[in-house]
Structures are given as C-alpha cells and as structure tokens.
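At position 67 of the sequence shown the residue is numbered 84 (our numbering), and the sequence of numbers has no breaks.
For reference, the structure is listed below as structure tokens.
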Amino acid sequence: MWIQQKATPAPLDELQGRTVGLKFECNHCHTEVFTDLLGVPAPDHLANSMEDDGQYEKEEIKCPGCDMTHEITVKSTFDGVTFDVSEVAPNSVAYQVAHE
C-alpha cells in the first residue's frame with residue numbers, strides 16, 4: 018500500500034531498520050518513477066542536540082521518461098523520517114514499506 022508523504026515526517030518506529038520503495042512524478046515529463054528499495058537509517062543517538070540527530074541516505078535515480086537525474090535523500094531523526102526528491106513537489110512523493 019502506497020502512503021502519501023505529508024508535511025509531517027513519517028513515523029520513525031514504523032520505518033527504522035526497514036526498507037522502503039518510493040514513487041513520485043517527474044516534474045519535467047510527468048512520468049511516474051519507482052525507486053529500488055532504500056534503507057531507512059537510525060537517528061544518531063550520540064548527537065549533541067536534537068538538531069544534529071539526523072542521519073541521511075542519498076541515492077540518485079534517472080527518470081525513465083526523460084533521463085533527468087533526481088537525487089533522493091532519506092533523512093531519519095527522532096521526530097520521524099522524511100523523503101526528499103530533488104526537482105519534485107514534496108506532495109507527489111509516496112512510500113511503501115517492503116515486506117520481509
């Protein structure tokens with residue numbers, strides 16, 4: 018089941034240590050793009066402050082419709098998980114947790 022990303026981060030307890038697939042619409046050619054599975058990192062428990070607790074996973078994916086390269090950042094903090102895709106409206110990003 019695809020879950021639309023909201024303005025608030027996704028729940029950390031549901032995603033930490035899991036893998037997720039993302040889908041989004043390319044803003045250039047409007048092709049629906051699906052990623053490979055991405056790992057969700059744990060927040061940094063040794064951070065000096067809540068602002069420094071973020072851990073990142075970065076990936077790149079080429080749009081199959083126009084070959085535009087999108088950079089994907091999975092950021093995990095104690096507040097939750099966010100998925101940032103370059104050159105894409107945040108409300109067009111959805112995620113799905115992989116079943117193990």
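Cβ coordinates follow ideal geometry from the N, Cα and C atoms, glycine included.
Predicted model only: the values in this text are computed from it and were never measured.
Asked: Suppose contacts are defined by Cβ-Cβ distances below 7 Å. Is Asp100 in contact with Leu39 by that definition?; Found: Looking at the sequence shown, residue 100 is not Asp but Phe. Yes. Within cutoff.
Asked: Starting from Glu31, follow the alpha helix (DSSP H) in both directions and report where the run begins and ends.; Found: Leu29 to Leu32
Asked: Which partner residues does Ser93 have in the DSSP bridge list?; Found: Gln72 and Val98
Asked: Within the continuous beta strand (DSSP E) that includes Gly38, where are the two ends?; Found: Thr36 to Glu42
Asked: Taking Val114 as part of the beta strand (DSSP E), name the residues at either end of that continuous run.; Found: Ala111 to Val114
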